[in-house]
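Enquirer: Using this note's numbering, the letters of the sequence shown map in sequence onto residues 111 to 428. Every residue gets a Cβ at the ideal spot worked out from N, C-alpha and C, and that includes glycine.
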Amino acid sequence: MTPRQQILIIDDETDNLMILSDILRNQADILLAKNAQQGIRKATELKPDLILLDVVMPGMDGFEVMTMLQRDPATSDIPVIFITALGDIQHEERGFQLGACDYIQKPFHTTIVLARIRLHLELVRQRRMLEQLANIDPLTGIANRRRYEDVLKKAWRVALRRQNPLSLVLVDIDNFKHYNDHFGHAAGDRVLQKVAGTLNERLQRPGDLVARFGGEEFIILLPDNPKQGAIDVMEHCRQAIEKMPLDEFNHADIGNITVSIGGYTCHPEVDINPQDAIKMADDMLYMAKHKGKNRILWFCDNQGISELPLNTPSTSSF
Numbered sequence: 111m112t113p114r115q116q117i118l119i120i121d122d123e124t125d126n127l128m129i130l131s132d133i134l135r136n137q138a139d140i141l142l143a144k145n146a147q148q149g150i151r152k153a154t155e156l157k158p159d160l161i162l163l164d165v166v167m168p169g170m171d172g173f174e175v176m177t178m179l180q181r182d183p184a185t186s187d188i189p190v191i192f193i194t195a196l197g198d199i200q201h202e203e204r205g206f207q208l209g210a211c212d213y214i215q216k217p218f219h220t221t222i223v224l225a226r227i228r229l230h231l232e233l234v235r236q237r238r239m240l241e242q243l244a245n246i247d248p249l250t251g252i253a254n255r256r257r258y259e260d261v262l263k264k265a266w267r268v269a270l271r272r273q274n275p276l277s278l279v280l281v282d283i284d285n286f287k288h289y290n291d292h293f294g295h296a297a298g299d300r301v302l303q304k305v306a307g308t309l310n311e312r313l314q315r316p317g318d319l320v321a322r323f324g325g326e327e328f329i330i331l332l333p334d335n336p337k338q339g340a341i342d343v344m345e346h347c348r349q350a351i352e353k354m355p356l357d358e359f360n361h362a363d364i365g366n367i368t369v370s371i372g373g374y375t376c377h378p379e380v381d382i383n384p385q386d387a388i389k390m391a392d393d394m395l396y397m398a399k400h401k402g403k404n405r406i407l408w409f410c411d412n413q414g415i416s417e418l419p420l421n422t423p424s425t426s427s428f
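Right under this line is the structure:
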């Protein structure tokens with residue numbers, strides 16, 4: 111079920127808060143703030159879909175609140191509608207220059223308030239739907255490379271600040287071109303979907319992410335995960351893929367699908383960038399392929415290369 115949208119109303123007049131809450135209660139969940147400081151705090155913590163902001167408030171007025179919301183990356187994308195009794199065009203112009211998306215005049219007219227709120231909530235829904243589509247690989251339903259790069263940049267900054275370990279992994283389906291050529295692209299697409307689903311199901315922590323990197327290759331981010339923990343996760347994935355049922359393909363000569371995995375665990379530093387880490391994981395994947403496939407090769411700074419499992423030949427028969 112899609113969660114209800116949230117509207118934050120920031121107004122120092124209790125009557126206005128109650129009137130707007132009553133008008134909008136069937137449109138979204140309503141959050142209330144009776145002053146600027148409380149409004150900024152709730153906007154930052156709760157990240158509502160829409161903010162209704164009174165212009166005239168004691169202490170910090172609506173324009174100052176809007177400026178602070180725009181400066182904070184956590185709130186800068188939240189659309190803001192100014193509430194005002196002022197009929198001054200200069201005030202409206204200033205509000206729009208600061209980034210307001212609309213104005214609602216006092217006294218409130220229910221039909222006008224509802225029409226404008228519904229419009230902006232629908233715009234928020236459509237924008238988020240487009241953002242989601244832009245970040246998802248259409249074939250497998252997991253994150254695409256663009257989404258992965260965005261998440262990696264943020265995770266890298268967090269790990270750098272906290273000095274936490276971060277593990278990057280590249281996964282490649284063994285002999286996939288041969289499989290695709292022999293059984294057709296439709297069957298190959300189904301294998302990609304099953305491998306993507308298997309990887310995604312086994313990443314348990316909220317910060318973990320798997321994305322399609324291109325072709326038959328996947329990239330995985332395991333933040334705040336040391337070498338052994340990350341290797342254990344990926345060995346679990348490797349075994350699950352090797353045992354993945356393929357009955358629906360109706361090919362008697364299909365062997366097991368297997369993957370080769372290259373990983374790198376590091377503590378991000380200022381003079382190292384995420385692309386360097388991806389390159390190291392890619393080097394490990396290249397070595398895993400050339401050592402016989404269906405295996406994991408992993409590099410960790412100051413610990414060298416680890417391999418798992420040892421002396422295991424690929425069971426893929428394509």
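Of the choices 253, 199, 133 and 412, whose alpha-carbon is the least far from that of residue 324?
Expert: Residue mapping note: residue 324 aligns to position 214 of the sequence shown, counting from 1. The shortest Cα separation from residue 324 among 253, 199, 133 and 412 belongs to 253.
Enquirer: Compute the beta-carbon to beta-carbon distance between residue 189 and residue 276, rounded to the nearest angstrom, for a pair I have assumed lies under 8 Å.
Expert: Looking up residue 189 in the sequence shown gives position 79. Looking up residue 276 in the sequence shown gives position 166. Not a contact, Cβ separation roughly 34 Å.
Enquirer: Return the first residue and the last residue of the beta strand (DSSP E) that residue 119 is part of.
Expert: By 1-based counting over the sequence shown, the position of residue 119 is 9. Its beta strand (DSSP E) spans residues 116 to 120.
Enquirer: Check whether the Cβ atoms of residue 373 and residue 398 sit closer than 7 Å, and answer yes or no.
Expert: Locating residue 373 in the sequence shown gives position 263, where the first residue counts as 1. Locating residue 398 in the sequence shown gives position 288, where the first residue counts as 1. No, the Cβ-Cβ distance between residue 373 and residue 398 is not below 7 Å.
Enquirer: Span of the beta strand (DSSP E) holding residue 333?
Expert: Within the sequence shown, the letter at position 223 stands for residue 333. 327 to 333 is the span of the beta strand (DSSP E), which, as asked, contains residue 333.
Enquirer: Check whether the Cβ atoms of residue 429 and residue 274 lie closer than 7 Å to each other.
Expert: Since the first residue shown for the chain is 111 and the last is 428, residue 429 is missing from the structure and cannot be characterised.
Enquirer: Quick one: what's residue 215 bridged to in DSSP?
Expert: As a working note, residue 215 is residue 105 in the sequence shown. Answer by DSSP bridge pairing, in chain order: 194.
Enquirer: Given this structure, state the Cα-to-Cα distance separating residue 118 from residue 130, to the nearest angstrom.
Expert: The sequence position of residue 118 within the sequence shown is 8, counting from 1. The sequence position of residue 130 within the sequence shown is 20, counting from 1. If I take the Cα positions, the gap works out to 11 Å.
Enquirer: Can you give, in chain order, each stretch of the beta strand (DSSP E) that sits fully within the segment 369 to 403 and has at least 3 residues?
Expert: If we require 3 residues or more, the beta strand (DSSP E) runs fully inside the segment 369 to 403 come out as 369 to 376.
Enquirer: Which residue wins for smallest C-alpha separation from residue 304, given the options 249, 159 and 255?
Expert: Position 194 of the sequence shown, counting from 1, holds the residue named residue 304. Residue 249 is the option with its Cα nearest to residue 304.
Enquirer: What does DSSP give as the partner residue(s) for residue 322 in the beta ladder?
Expert: Reading the sequence shown from its first residue, position 212 is the one you call residue 322. In DSSP, residue 322 forms a bridge with 328.
Enquirer: Taking the alpha helix (DSSP H) that residue 283 falls in, what are its first and last residues?
Expert: Counting from one through the sequence shown, the residue named residue 283 turns up at place 173. Premise fails: residue 283 lies in the beta strand (DSSP E), 276 to 283, not in any alpha helix (DSSP H).
Enquirer: Below 8 Å, how does it come out for the segment 221 to 238 and the segment 137 to 146: are there three or more Cβ pairs, yes or no?
Expert: Touching, yes, given that three or more Cβ pairs across the two stretches are closer than 8 Å.
Enquirer: Note down the Cα distance separating residue 341 from residue 224, rounded to an integer number of angstroms.
Expert: Within the sequence shown, the letter at position 231 stands for residue 341. Within the sequence shown, the letter at position 114 stands for residue 224. Between residue 341 and residue 224, the C-alpha separation is close to 54 Å.
Enquirer: Kindly indicate which three-state DSSP category residue 414 falls into: helix, strand or coil?
Expert: Within the sequence shown, residue 414 is the residue found at index 304, counting from 1. Residue 414 falls in the strand class under three-state DSSP.
Enquirer: Check whether the segment 344 to 356 touches the segment 305 to 317, taking contact to mean three or more Cβ pairs, one atom from each stretch, closer than 8 Å.
Expert: Contact between the segment 344 to 356 and the segment 305 to 317 is present, because at least three Cβ pairs lie under 8 Å.
Enquirer: Could you check where the alpha helix (DSSP H) with residue 297 kicks off and where it finishes?
Expert: Residue numbering aside, residue 297 sits at position 187 when the sequence shown is read from its first letter. Counting along the chain, the alpha helix (DSSP H) containing residue 297 begins and ends at 295 to 311.
Enquirer: Closest to residue 265 by C-alpha separation, out of 191, 376 and 317, would be which residue?
Expert: Looking up residue 265 in the sequence shown gives position 155. Among 191, 376 and 317, the Cα nearest to that of residue 265 is on 317.
Enquirer: Is residue 125 helix, strand or coil when you go by DSSP?
Expert: Sequence index remark: in the sequence shown, residue 125 carries index 15 (1-based). Residue 125 falls in the helix class under three-state DSSP.
Enquirer: Which of helix, strand or coil does DSSP assign to residue 164?
Expert: Within the sequence shown, residue 164 is the residue found at index 54, counting from 1. In the structure shown, residue 164 sits in a strand (DSSP, three-state: E or B).
Enquirer: Contact check, residue 163 vs residue 192 under 8 Å by CB: the rounded distance?
Expert: Position 53 of the sequence shown, counted from the start, is the residue given in the question as residue 163. Position 82 of the sequence shown, counted from the start, is the residue given in the question as residue 192. Contact holds; Cβ gap of about 6 Å.
Enquirer: Would you mind working out which of 280, 301, 338 and 369 sits nearest residue 389, comparing C-alpha positions?
Expert: As a first step, residue 389 must be located in the sequence shown, where it is residue number 279. For residue 389, the nearest C-alpha among the options comes from 280.
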